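Step one of this worksheet: look at the structure below.
Number of protein chains: 2
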Amino acid sequence: MIDWDDVRYFLAVARGGSVRAAAEGLGVNHATVLRRIGQLEERLGVHMFEKLPSGYRLTAAGEEVLEFADQMEASSHQLETRVFGRDQSVRGLLRVTLPPPLATHLLMPDFADFVRLHPDIEMEVQSSGELANLTNREADVAIRIVYDRKTLPLNLHGLKGPELFGGVYMSRDRLAASRAGAPDPIRWIVISIHGIPDWASEGEVRTTGVPFRITDAGAQIVAVRQGLGMTTLPCFVGDADPLLVRVPGTDLHMYGTVWLLTQGETRKTKRVRLFTEFVSCRLAAYAPLFAGLSISRD
Amino acid sequence: MIDWDDVRYFLAVARGGSVRAAAEGLGVNHATVLRRIGQLEERLGVHMFEKLPSGYRLTAAGEEVLEFADQMEASSHQLETRVFGRDQSVRGLLRVTLPPPLATHLLMPDFADFVRLHPDIEMEVQSSGELANLTNREADVAIRIVYDRKTLPLNLHGLKGPELFGGVYMSRDRLAASRAGAPDPIRWIVISIHGIPDWASEGEVRTTGVPFRITDAGAQIVAVRQGLGMTTLPCFVGDADPLLVRVPGTDLHMYGTVWLLTQGETRKTKRVRLFTEFVSCRLAAYAPLFAGLSISRD
DNA sequence: TCCAGCCGGATCGATTTTGCACCACCGATG
DNA sequence: CATCGGTGGTGCAAAATCGATCCGGCTGGA
């Protein structure tokens, strides 16, 4: 009889493309993955991977195995969500995934209020990098900014939140200096690979053609504060920062819409219901801030 | 993340009804099962069993888990049969399940011929007690005697073999003694819970009303040989035994039909095809023996 | 050309898991 | 009432697994 958990390792390798990537995702040593895959191949009597120098690639047999491994994973996820959905106690774990800026610049105090209101809820905020997969039960609730409603996953239940606008911001001091007569143009600060958006007009402040590239969103804001240049930011970030001002002559633009996503079974949970109601209420209160109406224009 | 293999332990306990029974079936120590179930319950945050003195019984949550655990098992079995079906080499394992009398009294020499013909096939004959489950891949080929065609599993592929008749047999010596004038009636020998069949006529030999009960089929034949009584046997057993004769005045009766069963994916295997063709050929040759036509009536 | 970064594979000590023996408990049975 | 076979539960030592590390090979870019 095969070890069912080996199938989980198999899936990780099939998706990761290499033993080391799979080990990374599984949170174990790559030698372990190597051994488990070897054990599974031995017990099945089939080689499921070609061992290339660049990594592991599925053989024809591996492709066929993958199909049923996916089925097992789906059943496993359904199993987990089902038992989670049964759990109607307030006490327990609640995992939320959301874009980092929303967490750091706006919602963290609200989360603090929430856990103060419900001390028995063990909350886990996943705002690191990539979107967690709700279907895989990596998280119970997802707060996302969607740019096109058609990209919403169909298997999830969505609760629409306020619309989100962005603007062009620069350092308040730098703007004052510029108006006082400093003639040198400033730069556009763009996130890594993104270019300068088409809709971006320069407004009253002249810019050089050469952008300043930066990878980290947090560092980007610091750079703007330092007067290094100007950049586009969501209004709830830029307006809330006393060191920043909107660049005169620029317009607001639509960023996207905030959505609260939950999954079918977990949605029945008391914890999830409490949280979604709480957050949607707070989000509604933030609607003017999201829309960029909370401050008077200079 | 849960350990998928724990789900396999869960299934064993849910079906076995107790930790020890599950451990027996899994071939591990019962303490291990205890720990794995505890680990799974802890990770899911749900108690899936009531711990009764008489064993483990599923809770409502456990029932829901069972549904998806069954799905996982089905996927796992499909995975195994799929890779087995891909295996077109002659070398390898071939597991056959069949009723014990067929193996001990008739087909074992044919199996010997088969393995002599194909030395690379590792053959495993499962003729102990209960029917192996093909869907669970406990065996690759099943030879069964079916009494009603409607009881054939729909998901299996069946190859119909010869029909099987049975008769009433007794010891040759005892019959001679009876004819020589010994007046005492003899008994019916019946298998454990079975009674005396309705169609059974006593023929020329008087019997007492009290049956002789026996549990083991092998011991049953020995008892008949000893002249202890008479009993119904398949013709291929009774006719082949020189110490036994059919009871004069009794008729043959239909026992059932021999079927060769295989499962969809494994059926494509070269080993399975070779075996089924070989066996069905031999079975056809045995058709007169099965029908009770191979000996002349006394 | 070289070198950094990735890959799989092998080794060895540390950690976890397992198996064994044992206990307490319950129910049926003589 | 004692016994016996069944259950779950628990320490402890052995065995299997895992993680850290090193190694050789490959690849792509400086």
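Protein chains in written order, with my numbering: chain A, 24 to 321; chain B, 24 to 321. Using N, Cα and C, we set each Cβ at its ideal position, and we do this for glycine too. Here the structure is a predicted model, which means the values were calculated and not measured.
Could you have a look at B/Ala165 and say whether DSSP puts it in helix, strand or coil?
For this step, residue 165 of chain B is matched to residue 142 along the second sequence. B/Ala165 sits in a strand when the DSSP states are folded into three classes.
Which of helix, strand or coil DSSP assigns to A/Arg160
Taking the first residue of the first sequence as position 1, residue 160 of chain A is located at position 137. Three-state result, A/Arg160: coil.
So, does the CB of B/Ala37 fall closer than 8 Å to a CB anywhere in chain A?
Along the second sequence, read from residue 1 onward, the residue named residue 37 of chain B stands at position 14. For B/Ala37, the answer is no, since every Cβ of chain A falls outside 8 Å of its Cβ.
Proximity test, Cβ basis, 8 Å: A/Asp321 and chain B
On the first sequence, residue 321 of chain A is found 298 positions in, with the first residue counted as 1. With a pLDDT of 47 at A/Asp321, under the threshold of 50, the predicted position of this residue should be treated as unreliable, though the coordinate-derived value follows. With 8 Å as the cut-off, A/Asp321 does not count as an interface residue toward chain B.
Count the other CB atoms within 10 Å of the CB of B/Pro265; is the residue buried (16 or more) or exposed (fewer)?
If you number the second sequence from 1, residue 265 of chain B lands on position 242. Answer is exposed; the Cβ neighbour count stays below 16.
Between the CA atoms of A/Leu275 and A/Phe313 - distance to the nearest angstrom:
Along the first sequence, one-based indexing puts residue 313 of chain A at 290. Along the first sequence, one-based indexing puts residue 275 of chain A at 252. Those two C-alpha atoms are separated by around 11 Å.
Comparing the CB of B/Arg197 with every heavy atom of the ligand MN, is any distance shorter than 7 Å?
The ligand MN is not among the ligands present in this structure, which contains no ligands whatsoever.
Is it true that the CB of A/Tyr192 sits closer than 8 Å to the CB of A/Met253?
Counting from one through the first sequence, the residue named residue 253 of chain A turns up at place 230. Counting from one through the first sequence, the residue named residue 192 of chain A turns up at place 169. Their beta carbons are under 8 Å apart, which means A/Met253 touches A/Tyr192 by this criterion.
Distance between B/Ala162 and B/Ile144 (C-alpha atoms, nearest Å):
Taking the second sequence and counting its residues from 1, one reaches residue 144 of chain B at position 121. Taking the second sequence and counting its residues from 1, one reaches residue 162 of chain B at position 139. Between B/Ile144 and B/Ala162, the C-alpha separation is close to 14 Å.
Of all the residues that make up the region 261–292 of chain B, which are near chain A by a beta-carbon distance shorter than 8 Å?
none
Under 8 Å between the Cβ atoms of A/Leu129 and A/Phe33?
Walking along the first sequence from the start, residue 129 of chain A turns up at place 106. Walking along the first sequence from the start, residue 33 of chain A turns up at place 10. No, these two residues do not count as a Cβ contact at 8 Å.
Enumerate, from N- to C-terminal direction, the unbroken beta strand (DSSP E) stretches of 3 or more residues contained entirely within the region 92–158 of chain A.
Entirely contained in the region 92–158 of chain A, the beta strand (DSSP E) runs reaching 3 residues are, in chain order, 115–120, 144–149.
Can you list, in chain order, the residues of its chain whose CB lies under 7 Å from that of A/Val148, leaving out five sequence neighbours each side?
Within the first sequence, residue 148 of chain A is the residue found at index 125, counting from 1. For A/Val148, where only same-chain residues beyond five positions count, the Cβ hits under 7 Å are Val119, Ala126, Phe134.
Is the region 168–185 of chain A in contact with the region 234–244 of chain A, if contact means three or more CB pairs nearer than 8 Å?
A contact between stretches requires three or more CB pairs, one per stretch, nearer than 8 Å, and the region 168–185 of chain A fails this requirement with the region 234–244 of chain A.
Segment limits, alpha helix (DSSP H) that includes B/Tyr32
In the second sequence, the residue the question calls residue 32 of chain B occupies position 9. First-last of the alpha helix (DSSP H) with B/Tyr32: 27–39.
Would you mind stating whether A/Ile212 and A/Phe188 have Cβ atoms separated by less than 8 Å?
Counting from one through the first sequence, the residue named residue 212 of chain A turns up at place 189. Counting from one through the first sequence, the residue named residue 188 of chain A turns up at place 165. Not closer than 8 Å, so no.
Straight-line Cα distance separating A/His70 from A/Asp93
Here the question's residue 93 of chain A lines up with position 70 in the first sequence. Here the question's residue 70 of chain A lines up with position 47 in the first sequence. In a straight line, the C-alpha of A/Asp93 is about 18 Å away from that of A/His70.
Mind checking B/Ala84: buried by the 16 CB within 10 Å criterion, or exposed?
The residue labelled residue 84 of chain B in the question sits at position 61 within the second sequence. With 16 or more Cβ atoms within 10 Å of its Cβ, B/Ala84 is classed as buried.
Any chain B beta carbon closer than 8 Å to A/Val213
Sequence index remark: in the first sequence, residue 213 of chain A carries index 190 (1-based). Chain B, which has no Cβ nearer than 8 Å to the Cβ of A/Val213, makes this no.
If we ignore side chains and look at the alpha-carbon of each, how far apart do B/Pro132 and B/Val138 end up?
For this step, residue 132 of chain B is matched to residue 109 along the second sequence. For this step, residue 138 of chain B is matched to residue 115 along the second sequence. Answer to the nearest angstrom: the Cα atoms are 10 Å apart.
Any C-beta of chain B sitting closer than 8 Å to the C-beta of A/Gln62?
Here residue 62 of chain A is taken as the residue at index 39 of the first sequence, counted from 1. For A/Gln62, the answer is no, since every Cβ of chain B falls outside 8 Å of its Cβ.
Helix, strand or coil at B/Leu57 according to DSSP, with G and I counted as helix
What you label residue 57 of chain B is simply residue 34 of the second sequence in a count that begins at 1. Correct three-state label for B/Leu57: helix.
Minimum Cβ-Cβ distance from A/Leu102 to chain B less than 8 Å:
Within the first sequence, the letter at position 79 stands for residue 102 of chain A. True, the Cβ-Cβ gap to chain B drops below 8 Å.
On the criterion of 16 or more Cβ atoms from any shown chain inside 10 Å, does A/Pro76 qualify as buried, or is it exposed?
Here residue 76 of chain A refers to the residue found at position 53 of the first sequence. Exposed is the call here.
Specify whether the region 45–59 of chain A and the region 90–109 of chain A touch according to this definition: at least 3 beta carbon pairs, one from each stretch, less than 8 Å apart.
no
Closer than 8 Å to chain A by CB, B/Asp28
Looking up residue 28 of chain B in the second sequence gives position 5. Interface residue, yes.
Between which two residues does the beta strand (DSSP E) holding B/Ile212 run?
One-based indexing of the second sequence puts residue 212 of chain B at position 189. Note, B/Ile212: beta strand (DSSP E), 210–214.
With DSSP collapsed to three states, give me the class of B/Pro311.
Taking the second sequence and counting its residues from 1, one reaches residue 311 of chain B at position 288. Of the three classes helix, strand and coil, the one that applies to B/Pro311 here is helix, per DSSP.
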